[in-house]
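Positions -18 to -1, 1 to 118 (mature numbering (1 follows the signal peptide of the UniProt record, and there is no 0)) are the ones given, in order, by the sequence shown.
Note that beta-carbon positions come from the ideal geometry of N, C-alpha and C, so glycine has one too.
A quick note: this is a predicted structure, and the numbers were derived from the prediction, not measured.
The block underneath contains the structure these notes are about, expressed in structure tokens.
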Amino acid sequence: MRKGLMLLAMTTALSGCAALGSPGCGPDGQPEMVAEVVFGRNIGDSLGVSEADWNRFLEEEVTPRFPDGLTVMNASGQWRDSERGTVVQEPSKVLVLVLGDEIMDRPRVREIADAYKRRFQQQSVLTMMRPACVSF
């Protein structure tokens, strides 16, 4: 009996914690996945992706996949070069996308990252996915 009550109490407590971890979006919000994609602009040790290069990439690779809208922000990033052991700082672009259809849109995000790596000889492109409450 005691074990049963203890199990019930623990289950109730844990379910309360789970509910706290996923707050509701309220009457005006809609739960959606948001992708944030970070593109470094250096090629080698110098700036290689100009504003014109970026705008062309945006026009040719990103906008056709997400024609309904997106946000681009300028950023400054840093990372440790594993070969040289040094910290590299570089200007970056951050692309923010609301994924209206997560199953269809996740592969499109990966295609964009892969296209950038190929076009601008990048080792990697950082992609982050997170749930968010969205309203327009």
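Residue j beta carbon less than 8 Å from that of residue i
i: V78; j: T53; result: yes
i: V31; j: A95; result: no
Of the residues the options, the one placed nearest residue i, counting alpha carbons only
i: W61; options: M55, G51 and P73; result: P73
i: E43; options: L108, E93 and T109; result: E93
i: T109; options: V76, F102 and Q12; result: V76
i: E65; options: G26, P13 and V107; result: G26
i: G82; options: N56, V69, G51 and R100; result: G51
i: D87; options: T45, R101, V107 and E33; result: T45
i: N37; options: Y98, Q104, D63 and S106; result: Y98
Beta-carbon proximity list for residue i, same chain, < 7 Å, skipping 5 on both sides
i: S58; result: Q71, P73 and S74
i: M111; result: M15 and A17
i: E84; result: M15
i: F102; result: I25, G30 and V31
Burial state of residue i (16 or more Cβ within 10 Å)
i: A17; result: buried
i: R22; result: Correcting the residue type first, residue 22 is Gly in the shown sequence and not Arg. By the neighbour-count rule (16 or more Cβ atoms within 10 Å), G22 is buried.
i: L29; result: exposed
i: V69; result: exposed
Own chain residues within Cβ distance below 6 Å of residue i, not counting five before or after
i: A48; result: The displayed chain sequence assigns Phe, not Ala, to residue 48. Cβ within range, chain order: L79.
i: G40; result: The amino acid occupying residue 40 in the given sequence is Leu; Gly does not appear at that position. Within the same chain, L40 has no close Cβ partners at all.
i: M55; result: V76
i: D63; result: V70
Other residues of its chain near residue i: CB distance less than 8 Å, five sequence neighbours each side excluded
i: Q12; result: C115, V116 and S117
i: Q105; result: K99
Inspect the CB distances between the stretch 5 to 23 and the stretch 100 to 116 and report whether three or more fall short of 8 Å.
yes
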